[in-house]
Amino acid sequence: MVTQLLHQIVGPKTNPLIDQCLSSWKVIKDYGFEIRTWNDDTLEEFIDTHYSWALQAFRNARNHAEAADIARYLLVHHSGGIYMDWDVELLIPEQFFTLLERTPQGFLVIDPANGTLASEAFSAEKNEAYLLDLVTDIVHLYNSNERDNMGTPQYSGPFRMRDSLVNSCTAQLLLPVKEVFAYDYTEIREMPDREISQPLIHYWIHSWI
Numbered sequence: 000m001v002t003q004l005l006h007q008i009v010g011p012k013t014n015p016l017i018d019q020c021l022s023s024w025k026v027i028k029d030y031g032f033e034i035r036t037w038n039d040d041t042l043e044e045f046i047d048t049h050y051s052w053a054l055q056a057f058r059n060a061r062n063h064a065e066a067a068d069i070a071r072y073l074l075v076h077h078s079g080g081i082y083m084d085w086d087v088e089l090l091i092p093e094q095f096f097t098l099l100e101r102t103p104q105g106f107l108v109i110d111p112a113n114g115t116l117a118s119e120a121f122s123a124e125k126n127e128a129y130l131l132d133l134v135t136d137i138v139h140l141y142n143s144n145e146r147d148n149m150g151t152p153q154y155s156g157p158f159r160m161r162d163s164l165v166n167s168c169t170a171q172l173l174l175p176v177k178e179v180f181a182y183d184y185t186e187i188r189e190m191p192d193r194e195i196s197q198p199l200i201h202y203w204i205h206s207w208i
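All residue numbers for the sequence shown refer to numbering that gives the first Met the number 0, where the first residue is 0 and numbers rise by one.
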């Protein structure tokens with residue numbers, strides 16, 4: 000079973016939308032969930048303590064997204080639980096709990112258009128092998144300087160998640176993006192007027208750029 004633990008990584012500055020998203024998750028504490036909030040300093044200490052072989056890749060990330068990608072995979076591998084970006088809002092708690100019940104060994108969100116996996120929202124049991132394989136691939140790309148020829152999504156984000164899974168396996172269930180998010184990436188800027196039944200909304204604010 001996935002641990003009732005939510006991991007969130009926060010930067011030094013928020014805005015009203017991010018504050019709204021972060022606040023939306025507080026309700027799950029009433030149902031026995033723990034929320035752990037991480038920043039650059041606590042992440043570096045965590046990686047140095049538990050995954051020192053990944054520390055240089057984390058420290059020398061080209062942007063906050065790359066550092067946060069490495070950290071999020073390791074956080075969930077180490078403790079199990081759920082990861083959510085700070086611009087993901089919980090809309091319907093009951094639907095979210097139903098999603099967790101459907102995926103007792105965790106979930107990944109897949110974009111059917113290209114097979115990429117969402118680094119912004121996933122869950123897994125402790126010691127999920129795929130997450131460790133994923134970071135091992137990222138560190139290899141860093142150490143071999145192959146990262147220099149890649150963008151962030153290909154190096155550590157959704158495309159890396161997809162490509163690493165080819166050579167790995169996971170107990171996590173793959174869920175289409177529209178089962179989890181109210182809108183996909185193509186819709187979020189002009190949200191269609193329709194009834195929302197999905198548990199989450201991701202605003203894709205790209206605060207790392």
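All C-beta atoms in this analysis are idealised placements derived from N, C-alpha and C, irrespective of residue type, glycine included.
| query | Where do the N-terminal and C-terminal ends of the alpha helix (DSSP H) with VAL134 fall, by residue? | reply | That run of the alpha helix (DSSP H) goes 128-142.
| task | Please confirm whether HIS6 and ILE81 have their CB atoms less than 8 angstroms apart. | result | Judged by their CB atoms, HIS6 and ILE81 are nearer to each other than the 8 angstroms cut-off.
| field | Cβ shell of ASP84 (< 6 angstroms), same chain only, five flanking positions each side left out | value | These residues qualify, in order along the chain: GLU119.
| query | Whose C-beta lies closer than 7 angstroms to the C-beta of ILE195 among residues of the same chain, with five residues either side of it excluded? | reply | The answer, listed in chain order, is LEU90 and ALA181.
| field | Buried or exposed by the 16-neighbour rule on C-beta atoms within 10 Å, applied to THR169 | value | Buried, because 16 or more other Cβ atoms sit within 10 Å of the Cβ of THR169.
| request: Please confirm if the region 105-118 is in contact with the region 149-164, defined as three or more CB-CB distances below 8 angstroms between the two stretches. | output: In short, these stretches touch, since the Cβ pair count reaches three.
| said: Counting C-beta neighbours from all protein chains within 10 Å, is the total for HIS139 16 or more, i.e. buried, or is it exposed? | reply: Exposed, since its Cβ has fewer than 16 Cβ neighbours within 10 Å.
| For ILE34, three-class secondary structure by DSSP | Note: ILE34 maps to strand in three-state DSSP.
| request: Could you name each continuous alpha helix (DSSP H) segment of 4 residues or more that falls completely within the region 40-128, going from the start of the chain to the end? | output: As far as the region 40-128 is concerned, its whole alpha helix (DSSP H) runs of at least 4 residues are 54-58, 63-78 and 92-101.
| request: Check GLN153 in the structure and name its three-state DSSP category. | output: It is helical.
| message | If contact is defined by three or more beta carbon pairs under 8 angstroms, each pair taking one atom from either stretch, is the region 23-32 in contact with the region 54-61? | response | Short answer: they don't touch.
| said: So, for ALA53: in the same chain, excluding its five sequence neighbours on each side, which residues have a beta-carbon less than 7 angstroms away from its beta-carbon? | reply: So the list reads ILE46, ILE69, LEU73, VAL134 and VAL138, once near-sequence residues are dropped.
| message | What I want to know is whether the C-beta of GLY150 ends up closer than 7 angstroms to one or more non-hydrogen atoms of the ligand GTP. | response | The ligand content of the structure shown is nil, which means the ligand GTP is not present either.
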